[in-house]
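As you go down the protein sequences, you meet chains A and B in turn. Counting in my numbering, the first sequence runs from 241 upward without gaps. Counting in my numbering, the second sequence runs from 3 upward without gaps. Glycine residues also receive a C-beta, built at the ideal position from the N, C-alpha and C atoms. Taking it in order: structure first as C-alpha cells, then the write-up.
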Amino acid sequence: MSSNSQDIRRSILSKWHESLSKYGNLFSSDEISGTSPPSVFVGSHNYPKVFVGPLVPPIHGNTELLDNPEKWKGKSLEEIVNFRLNLVRGIQKIPIEQTEGRYIENLQEVTMSSKPTDLDLIFNKKVSSNISINGESAPFGPIGEIKSAKFSGSTSSKPIEKIFYDKDINASDAVLKLYNSGIEISKIQKCFSIGMLGKKRKLVPTKWSITATDDIISKSIVENILENNIIDVCKIFSYEHLGNIFSVILFPRRWMFEMIEAWYSNGIIGFGSDYEDARGIKHPPRIAGAYFAAKLAVSEYLLKNKIQAGVLIFREIRPEYSIPVGVWQVREGIREAMKQKPKIITSFNEALEIASTKTSVSKNEWIKNGKTLDAIRQKSILDYF
Amino acid sequence: MTFGAKTNGSDDLKAIISAISTLVEEATFVATSEGISFRGMDPSHVALIDISWPNSAFEKYECDSDIKFGVRIDEFSKLIKRADKKDSIEISISEENMLLVTVGKNKKYKIRLIESSATDTPLPKIPYDSKIILTSSKFDKILGDVQVVSDYLTINTSESKGDFSGKGDSGEVVIDLDKDDDDIEEISSKSDSVGTYSLEYLNPVVKAVGSNAGFITCEFSSAKPLRIEFKVANIGRIHFYLAPRVET
Chain A
241 MSSNSQDIRR SILSKWHESL SKYGNLFSSD EISGTSPPSV FVGSHNYPKV
291 FVGPLVPPIH GNTELLDNPE KWKGKSLEEI VNFRLNLVRG IQKIPIEQTE
341 GRYIENLQEV TMSSKPTDLD LIFNKKVSSN ISINGESAPF GPIGEIKSAK
391 FSGSTSSKPI EKIFYDKDIN ASDAVLKLYN SGIEISKIQK CFSIGMLGKK
441 RKLVPTKWSI TATDDIISKS IVENILENNI IDVCKIFSYE HLGNIFSVIL
491 FPRRWMFEMI EAWYSNGIIG FGSDYEDARG IKHPPRIAGA YFAAKLAVSE
541 YLLKNKIQAG VLIFREIRPE YSIPVGVWQV REGIREAMKQ KPKIITSFNE
591 ALEIASTKTS VSKNEWIKNG KTLDAIRQKS ILDYF
Chain B
3 MTFGAKTNGS DDLKAIISAI STLVEEATFV ATSEGISFRG MDPSHVALID
53 ISWPNSAFEK YECDSDIKFG VRIDEFSKLI KRADKKDSIE ISISEENMLL
103 VTVGKNKKYK IRLIESSATD TPLPKIPYDS KIILTSSKFD KILGDVQVVS
153 DYLTINTSES KGDFSGKGDS GEVVIDLDKD DDDIEEISSK SDSVGTYSLE
203 YLNPVVKAVG SNAGFITCEF SSAKPLRIEF KVANIGRIHF YLAPRVET
C-alpha cells in the first residue's frame, strides 16, 4: 500500500474511534437493540461449520441504506465504510446443512423482509469494539456471539416468499426468477446465502454467494445475447468512483469478455485478468468475484439494447481505494459506466487508445497483460459462408 | 411415423457422439430415408461439424418420414459408453416421445429428448488448394509434438511437400512430412498454402474420433478454414471445419 492509501485509511479509522468514544456504550455492551437494514451474514471461516447471523446497527428507524449497495451511488469511501462499521455482526456457529430451526428461520424471515426489521440481541459477553481493517477483506463492525435473539415481525417481499416456499425449483432458476421479478442483486445474494433457494438448501458463505449470484445471472443473460446482432462500431464507456477507474470497450465480435485489473503495490503496478468466449469460463477467474460482477453489469447493457459485442474492460484500482468495500462497487461502477454517453469509433486500435487514456496505465501495458488482442486473431467460420 | 436405426458394433456411434461433444452440449439430429445427419457449430462459431451417416452403413435402417430429434450430448454419451465394442446399438423414438436406446441384446434405455434447436447452418464455401492424407494416429502424435511449444498448429504445403510447425513463448518446432512414411498417403497442393489453426479445437476432436478413423484427409488454403474428413462406418463421414487464425 502506498502512503497515500495508508493516510486515507488512518483518517477513516481515527474518525471511527472518535465516534466510538462518543457513542462507545452503543457498541461495547453485551446487548444491542436496533433495526436491521435487513441484513444477514454468513462467514467462510471454520467452513462447513460457519458463523451466521444478522447485521444490526445500534439505532432504530429506517436503516435500509446501511446495507444497500444499489443505493450508494455518489457516496464516498468514508461514508460507505462507516455504513459497514455501524453494523454489529451477531453470530452463532451453524453447520451449513442446517437450514431449518428457529434461529435460521428467523434469519430467513429477516432476509425476506421488504422493510428494515427490529432486532434485540443478547451476547454471551461484551462485544469488542475493536474492528480490523486489513486492506484485504471488507471492513466490519464489532462481532458478538449471540446468546439469545428476539426478532420482531416483518413484512415479506412477495416474490421472495413465493420462491422460498417453492422447493421444486433449483437454486439457479430461483435466482433467475428473483432477478427477473426485479429483486436487487444484494437481496438475492442474501437469500442464496441463508439457504432459502433451491431443492437441496444449505448455508453459503456470503462471499461465495455473491460470486454465485453474479455468475448465474450473467451466464443466463449471455445465453440470450448470443442470439443478438453484433454491433458494427466500437463503443467506449467509462466511469470512476471510490478510487476505481473503469473503461469498457465494446467491439464488433461474437461475445467475448475480458477484464484486466491494474493495482498499485509499493509503487509497482500489478496486473490480473481473465477471459471467456461464447463457450463460457470453466475455471474460477483469477480476478475472482470482480469478474462476474463486471460481466453481469455489461451483459445487462447488451441485453437491454438487444445487441451483441466483444467486451474488454480495464479496471484501474487507485491507491485511494484504501479499504476494499466489496465487489458490488465493480458491479455498480460498470452499470454506471454503461449509462454514460459512449465514444463511438470504428478502429479497435483507436478504441484501445481512448480507453487507456482514461486510466494512468498505457495502452501497451494493458494489452500486454490481457488476451483479447491475441484472441481476435481467431477468425469465425461464419466469415467463410 | 416409423424410425429405427441399428448399428453394427458400437465404435462408430461412440466416435460420432464423442466428436460432437467436443463442440456442443446439445445436438439435434436429422433422420431421413437417406440416413442420419448432424450439423452444428461450437458456441464461439470457430468450428463446425457436419456428419453424414448413410442408411447403408447401418445393419438395419428404417425411416419413412423426416424427423428431428434433440438430445443432451452428455446424457446420450453416458448410455453409449455402456456398450461393449461388439454390442449393436438401436435407436428409435418411443410413443411418449423419448429416445429409446437398445444397447446389445438386453439393455433398453429411454432418455428424454430436448427441444430441437437446429437452424439451417450452411457450410463454408472454400476451394481447397492443399491436401494431406495421413492416419489419425500419426496426426494425433504430431499435434502432441507441436503442443509442447505452441497452442497453434501451422500447416505448410508446397507442391508435394509439407510440414507442420508451431511457435510459442518457449520456442518452436518444425515437423517435416516424409512421403515414404506408411502413415502418410498423400501430400499435394495446387498452390503453396499456409494456415494456422488452434490446437484447443483440433486436439479434442482428433482424440475423440481416435484411431477408429484410419486415414483422415486434411484440406485447406492459405488463411482459410481447415477441413478434416474422418471416415466412420466405412461409408459415413465426419467433416470438421476449423476457422484459421490470422495476423491482424
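- The alpha-carbon of residue 600 of chain A is positioned some 11 Å away from that of residue 554 of chain A.
- Residue state for residue 580 of chain A is assigned as coil, using DSSP reduced to three classes.
- Among the residues facing chain B, residue 526 of chain A is not included, as its CB has no counterpart in that chain under 8 Å away.
- The Cβ atoms of residue 305 of chain A and residue 311 of chain A sit closer than 8 Å to each other.
- Secondary structure of residue 399 of chain A (DSSP, three-state): helix.
- Under the DSSP assignment, residue 352 of chain A falls in the alpha helix (DSSP H) whose first and last residues are 342-352.
- Collapsing the DSSP output to three states places residue 338 of chain A in coil.
- The three-state reading of DSSP puts residue 448 of chain A in helix, counting H, G and I together.
- Taking a beta-carbon distance threshold of 8 Å, residue 497 of chain A does not count as an interface residue toward chain B.
- Put simply, the CB of residue 619 of chain A is near chain B, with a gap under 8 Å to one of its CB atoms.
- When secondary structure is reduced to three states using DSSP, residue 179 of chain B falls in the coil class, being assigned neither helix nor strand.
- In the DSSP annotation of this structure, the continuous segment of the alpha helix (DSSP H) that includes residue 419 of chain A starts and ends at 411-420.
- Between the C-alpha atoms of residue 560 of chain A and residue 510 of chain A there is a straight-line separation of about 16 Å.
- When Cβ-Cβ separations below 8 Å define contact, residue 622 of chain A makes contact with chain B.
- Every unbroken stretch of the alpha helix (DSSP H) spanning 4 or more residues and falling wholly within the region 101-155 of chain B is given here in chain order: 138-149.
- In terms of Cβ geometry, residue 479 of chain A and residue 573 of chain A form a close pair [threshold 8 Å].
- Contact residues of the region 516-544 of chain A toward chain B are 517, 518, 519 and 520 (C-beta to C-beta distance below 9 Å).
- Closer than 9 Å at the C-beta level to chain A, one finds these residues of the region 31-62 of chain B: 43, 44, 45, 46, 47, 48, 49 and 50.
- Membership of residue 15 of chain B in the alpha helix (DSSP H) is indicated by the continuous run 13-23.
- Of the candidates A/521, A/518 and A/552, A/552 places its Cα closest to the Cα of residue 498 of chain A.
- In summary, residue 47 of chain B is buried, with 16 or more beta-carbon neighbours lying within 10 Å of its beta-carbon over all protein chains present.
- Chain order gives the chain B residues near residue 625 of chain A as 124, 125, 126 and 127, where near means a beta carbon separation below 8 Å.
- Contact fails between the region 611-620 of chain A and the region 80-99 of chain B, because fewer than three Cβ pairs, one in each stretch, are under 8 Å apart.
- Residue 132 of chain B has a beta carbon lying at 8 Å or more from every beta carbon in chain A.
- The Cβ neighbour count for residue 237 of chain B, taken over all protein chains shown within 10 Å, is under 16; the residue is labelled exposed.
- For residue 327 of chain A, no alpha helix (DSSP H) run applies, since DSSP gives it neither H nor E.
- Contact annotation: residue 333 of chain A and residue 289 of chain A have beta-carbon atoms nearer than 8 Å.
- Against chain B, a Cβ distance below 9 Å from residue 466 of chain A picks out 45.
- By the CB criterion at 8 Å, residue 229 of chain B and residue 154 of chain B fall outside the cutoff.
- The DSSP-derived three-state label of residue 596 of chain A is helix.
- Scanning B/30, B/51 and B/34 for the CA closest to the CA of residue 203 of chain B turns up B/51.
- Scanning its chain for C-beta atoms nearer than 8 Å, with the 5 sequence neighbours on each side dropped, one finds around residue 401 of chain A the residues 352, in chain order.
- Chain A places no beta carbon closer than 8 Å to that of residue 208 of chain B, leaving this residue out of the contacts.
- Judged by DSSP in its simplified three-state form, residue 568 of chain A adopts helix.
- Not a single C-beta of chain B is nearer than 8 Å to the C-beta of residue 471 of chain A.
- Residue 531 of chain A carries a helical assignment under DSSP once its states are collapsed to helix, strand and coil.
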